[in-house]
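**Q** Just so you know, the sequences run in chain order A and B. Quick note on this note's numbering: the first sequence kicks off at 40 and runs consecutively. Quick note on this note's numbering: the second sequence kicks off at 131 and runs consecutively. First the structure, which I've put down as structure tokens, then a few questions once you've had a look.
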Amino acid sequence: MTDGALFRFLDFAVGLSLVCGYVALWRRGLVAIVKALAVQGASVAVVAMLMGIYEGHVQAVVAAGLVLVVKAIVIPRVLVGVIHRTLEYREVEPLVNIPTSLLAGALTTVIAFIAGRHLVALDASPATRGVPVGLAVMLLGFLLLVFRRKAVTQVVGFLMLENGVALVAFLTTAGLPLIVELGGALDLLMAVLVLQVLARRIVRQFGATDLNQLVNLRD
Amino acid sequence: MTAAAIAIGLLQVLALVAIAPVVTGVMRTTRARLEGRFGPSPLQPWRDLRKLLRKERLITEQTSWIFGVAPLLLVASTLVVVAVIPSVATTTLLVDSVDLIGVIYLLLLGTVVLALAAIDTGTAFGGMGSSRGMTIAALAEPAALLAIFAVSLRAGSSSLSTIVEGALADPAGLASPETLLAFGAVAVVTLAEAGRLPVDNPSTHLELTMIHEAMVLEYAGPDLALVEFASSLRLTLFFGLIGTLFLPWGIATTDNIAAMAVGVVAWLVKVLALAVGVAAVEVGLAKLRLFRVPELLAAAFILSFLAVIVSFFLR
Numbered sequence: 040m041t042d043g044a045l046f047r048f049l050d051f052a053v054g055l056s057l058v059c060g061y062v063a064l065w066r067r068g069l070v071a072i073v074k075a076l077a078v079q080g081a082s083v084a085v086v087a088m089l090m091g092i093y094e095g096h097v098q099a100v101v102a103a104g105l106v107l108v109v110k111a112i113v114i115p116r117v118l119v120g121v122i123h124r125t126l127e128y129r130e131v132e133p134l135v136n137i138p139t140s141l142l143a144g145a146l147t148t149v150i151a152f153i154a155g156r157h158l159v160a161l162d163a164s165p166a167t168r169g170v171p172v173g174l175a176v177m178l179l180g181f182l183l184l185v186f187r188r189k190a191v192t193q194v195v196g197f198l199m200l201e202n203g204v205a206l207v208a209f210l211t212t213a214g215l216p217l218i219v220e221l222g223g224a225l226d227l228l229m230a231v232l233v234l235q236v237l238a239r240r241i242v243r244q245f246g247a248t249d250l251n252q253l254v255n256l257r258d
Numbered sequence: 131m132t133a134a135a136i137a138i139g140l141l142q143v144l145a146l147v148a149i150a151p152v153v154t155g156v157m158r159t160t161r162a163r164l165e166g167r168f169g170p171s172p173l174q175p176w177r178d179l180r181k182l183l184r185k186e187r188l189i190t191e192q193t194s195w196i197f198g199v200a201p202l203l204l205v206a207s208t209l210v211v212v213a214v215i216p217s218v219a220t221t222t223l224l225v226d227s228v229d230l231i232g233v234i235y236l237l238l239l240g241t242v243v244l245a246l247a248a249i250d251t252g253t254a255f256g257g258m259g260s261s262r263g264m265t266i267a268a269l270a271e272p273a274a275l276l277a278i279f280a281v282s283l284r285a286g287s288s289s290l291s292t293i294v295e296g297a298l299a300d301p302a303g304l305a306s307p308e309t310l311l312a313f314g315a316v317a318v319v320t321l322a323e324a325g326r327l328p329v330d331n332p333s334t335h336l337e338l339t340m341i342h343e344a345m346v347l348e349y350a351g352p353d354l355a356l357v358e359f360a361s362s363l364r365l366t367l368f369f370g371l372i373g374t375l376f377l378p379w380g381i382a383t384t385d386n387i388a389a390m391a392v393g394v395v396a397w398l399v400k401v402l403a404l405a406v407g408v409a410a411v412e413v414g415l416a417k418l419r420l421f422r423v424p425e426l427l428a429a430a431f432i433l434s435f436l437a438v439i440v441s442f443f444l445r
């Protein structure tokens, strides 16, 4: 593969991860939001793989495969399982309505691009051009955490934040060492598994995972 | 400007006028076939227009001159856009007398005139229809404009012929992320502005759901024929605009007659393919609740916004 074609695919994968962030902010169905997260995870893995090929690191390509399995297959499956078990399929009442949250997303993306300009200027290359997109994905994850109330969307927001961090890491350093990658992926998986148990407990106790019911302390 | 250019410019306008009702007919037939009905012939809209044109012109006494002028203005503004867009060739009659931003506002002029006419009659449905129509137009316009900025940034000009020639010289640029994002935004805006599903259902007269039909409810006879014709023309125009901006293959860039013949055929294929495609997708869609339409148009706005961001920062 020539470098030109490689960077073309890189642009697409980076762009797709940003669009997935907005899809998660746009949709109300929890399954659709998790699907957007899965596609975003896959595009982050593709970015990692392309950077590995570009730099010629076999290790980075292996790490990309690992990212693909964890972020695009395992975690989404666990989350869909949580949705089916808690019987909550929709974000019924987001704190902020959908058009407003999309506009807020647009604003954070502009901020990410303005802030990321200086990072890109440090070492301008076709790969680092995508760094502001990583920042924008992180901020979209933050927005999901702030604007949504269901446990699953909270986790999706947190994972999207992590996807943004991973995107920046892959684009700037051609991947972390395999062992760090492995540790990070396992941490994420553990967090999601713990959430799965926690969400079931919350539902048993309160009947729903709406976070507004969790503001008071009780014995 | 050669004689051939003038001739082909006129031919382009005449061809669009002749084809527009057929495009509507093709969409209805496609829908009927997919639903298991036989459906009317694709020529049925022309027959309907002929029938309406032969009828007597009836206008309520309570209306002002706006009501009578509106259909004419609607058709006239749309016809100007027809002449301006390089559907068949970039060298035709009026191409480049109006740029892409002008095209959007000429189309918007028709929408506004129709809404005014609907208010003019003073009926409940007219007011309801125009308030809804204006809401949608106001939400679709920023999305359309931003998408156009994105397309213009690629070509470095908002002139339609420069955009087409730039795209033909560099076909790979059409597969870039910003063009795909702009395409998504323009597709949604087209559905909203042309009053198709999931924004408006063109085949219903149910009081609480109609938008375009509520606005034209008071028209009858030749005036209704003009309004119906204009809405077919606008639909065809939007398909043609998508074809011109995002699938420019086949558009002639010279005065060569053979190239222009290819241009006409390519244009027909593009418009009919888009019509059949949209009709096929519509079969599986339900109309969105009115209060959910802003969410759809906000998504279109975000798509075109991302297209602009990408073409500014990822270059």
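For every residue, glycine included, the Cβ atom is placed at its ideal position computed from N, Cα and C. Model, not experiment: these values are computed from the prediction.
1) Residue ranges of each alpha helix (DSSP H) run of no fewer than 4 residues wholly in the segment 214 to 255 of chain B, ordered along the chain?
2) To the nearest whole angstrom, what separates the beta carbons of L276(B) and F442(B), a pair I think is in contact under 8 angstroms?
3) Hey, is P201(B)'s beta-carbon within less than 8 angstroms of any beta-carbon in chain A?
4) Just the chain B side, please: which residues come within less than 9 angstroms of Y61(A) by C-beta, in chain order?
5) If you reduce the DSSP assignment to three classes, tell me which class R129(A) lands in.
6) With burial defined as no fewer than 16 other Cβ atoms inside 10 Å of the residue's Cβ, what is the status of P115(A): buried or exposed?
7) Could you tell me the distance, in whole angstroms, from the CA atom of G180(A) to the CA atom of R262(B)?
8) Touching or not, the segment 160 to 172 of chain A and the segment 193 to 200 of chain A, by the rule of three or more beta carbon pairs under 8 angstroms?
9) Per DSSP, which residues does A382(B) bridge with? Please list them.
10) Please list the segments of the beta strand (DSSP E) lying wholly inside the segment 132 to 214 of chain B, counting only runs of 3 or more residues, in order along the chain.
11) In this structure, what does DSSP give as the bridge partners for G60(A)?
12) Would you please verify whether the beta carbon of L134(A) is less than 8 angstroms from any beta carbon of chain B?
13) Going by other Cβ atoms of all chains shown within 10 Å of its Cβ, with 16 needed for buried, is T190(B) buried or exposed?
14) Let me see if you follow: with CB-CB separation under 8 angstroms, is I266(B) close to chain A or not?
15) Pick from Y349(B), A416(B) and L179(B): whose alpha carbon is nearest that of A245(B)?
16) Less than 8 angstroms between the beta carbons of T193(B) and D229(B), yes or no?
17) How many Å lie between K110(A) and L141(B) at the Cα?
18) Please compile the residues from chain B whose C-beta is within a distance smaller than 9 angstroms of the C-beta of A145(A).
19) Is it right to say H411(B) is buried, meaning 16 or more other beta carbons lie within 10 angstroms of its own, or is it exposed?
20) Residues of the segment 414 to 429 of chain B in Cβ contact with chain A at a cutoff of 7 angstroms, in chain order, please.
21) Go ahead and pull the three-state DSSP assignment for G91(A).
22) Answer with yes or no whether the minimum CB distance from T192(A) to chain B is below 8 angstroms.
23) Going by the beta-carbon positions, is the gap between V243(B) and L203(B) smaller than 8 angstroms?
24) If you measure between the beta carbons of T160(B) and V329(B), is that distance less than 8 angstroms?
25) Once DSSP output is grouped into helix, strand and coil, what is the label at G351(B)?
26) Counting pairs of Cβ atoms below 8 angstroms between the segment 133 to 140 of chain A and the segment 414 to 434 of chain B, do you hit three or more?
27) Does the beta carbon of P332(B) come closer than 8 angstroms to any beta carbon on chain A?
28) Hey, how far is the Cα of R187(A) from the Cα of I136(B)?
29) Relative to chain A, which residues along the segment 268 to 279 of chain B have a C-beta separation below 8 angstroms, given in chain order?
30) Specify whether the segment 331 to 338 of chain B and the segment 297 to 317 of chain B touch according to this definition: at least 3 beta carbon pairs, one from each stretch, less than 8 angstroms apart.
31) Going along the chain, which unbroken runs of the alpha helix (DSSP H) with 4 or more residues stay wholly within the segment 161 to 239 of chain A?
32) When DSSP labels each residue in this structure, what does G80(A) get in the three-state scheme?
33) Name the residue from A389(B), L146(B) and P201(B) whose alpha carbon lies nearest to the alpha carbon of A247(B).
34) Shorter than 8 angstroms from the beta carbon of F376(B) to some beta carbon of chain A?
35) Would you identify the three-state DSSP class for G373(B), choosing helix, strand or coil?
36) Could you work out which residue in L367(B), L179(B), V413(B) and A280(B) is closest to S207(B) when comparing CA atoms only?
**A** Answer, in terms of the structure:
1) Residue ranges of uninterrupted alpha helix (DSSP H) with 4 or more members, entirely inside the segment 214 to 255 of chain B and ordered along the chain, are 230 to 250.
2) Rounded to the nearest angstrom, the Cβ distance from L276(B) to F442(B) is 12 angstroms, too far for a contact under 8 angstroms.
3) No, P201(B) lies away from the interface with chain A (no Cβ there is under 8 angstroms from its Cβ).
4) Within 9 angstroms Cβ-Cβ: A429, I432, L433 and L436.
5) In this structure, R129(A) counts as strand in the three-state DSSP scheme.
6) With 16 or more other Cβ atoms within 10 Å, it is buried.
7) So the two alpha carbons sit approximately 34 angstroms from each other.
8) With the cut-off at 8 angstroms, the segment 160 to 172 of chain A and the segment 193 to 200 of chain A do not touch.
9) Paired residues: A219(B).
10) The qualifying runs do not exist here; there are none.
11) As far as DSSP is concerned, G60(A) takes part in no beta bridge.
12) So no, L134(A) is outside the interface.
13) With a threshold of 16 other beta carbon atoms within 10 Å, T190(B) falls short and is exposed.
14) The beta carbon of I266(B) sits no closer than 8 angstroms to any beta carbon of chain A.
15) That would be Y349(B), whose Cα lies nearest to the Cα of A245(B).
16) For T193(B) and D229(B), no; Cβs fall outside 8 angstroms.
17) Those two C-alpha atoms are separated by around 56 angstroms.
18) Taking the beta carbon of A145(A) as reference, the chain B residues within 9 angstroms of it are F431, I432, F435, L436 and I439, listed in sequence order.
19) Per the sequence shown, the amino acid found at residue 411(B) is Val instead of His. By the neighbour-count definition (other C-beta atoms within 10 Å, threshold 16), V411(B) is an exposed residue.
20) Taking 7 angstroms as the Cβ-Cβ cut-off against chain A, the residues of the segment 414 to 429 of chain B that qualify are P424, E425, A428 and A429.
21) Shown here, G91(A) sits in a helix according to DSSP, grouped into three states.
22) Chain B, which has no Cβ nearer than 8 angstroms to the Cβ of T192(A), makes this no.
23) Going by C-beta atoms, V243(B) is nearer than 8 angstroms to L203(B).
24) The answer is no: Cβ separation not under 8 angstroms.
25) Residue state, collapsed to three classes: helix.
26) Touching, per the Cβ criterion.
27) The beta carbon of P332(B) does not come within 8 angstroms of any beta carbon belonging to chain A, so the residue lies off that interface.
28) Rounded to whole angstroms, R187(A) to I136(B) spans 59 angstroms at the Cα level.
29) Listed in sequence order: no entries.
30) When Cβ pairs closer than 8 angstroms are counted between the two stretches, the segment 331 to 338 of chain B is seen not to touch the segment 297 to 317 of chain B, the count staying below three.
31) Considered as a whole, the segment 161 to 239 of chain A harbours 170 to 186 and 190 to 212 as its complete alpha helix (DSSP H) runs of no fewer than 4 residues, in chain order.
32) Looking at G80(A) - three-state DSSP - the assignment turns out to be helix.
33) Nearest C-alpha to A247(B) among A389(B), L146(B) and P201(B): P201(B).
34) So, not an interface residue.
35) DSSP places G373(B) in helix when its eight states are reduced to three.
36) Answer by Cα proximity: L367(B).
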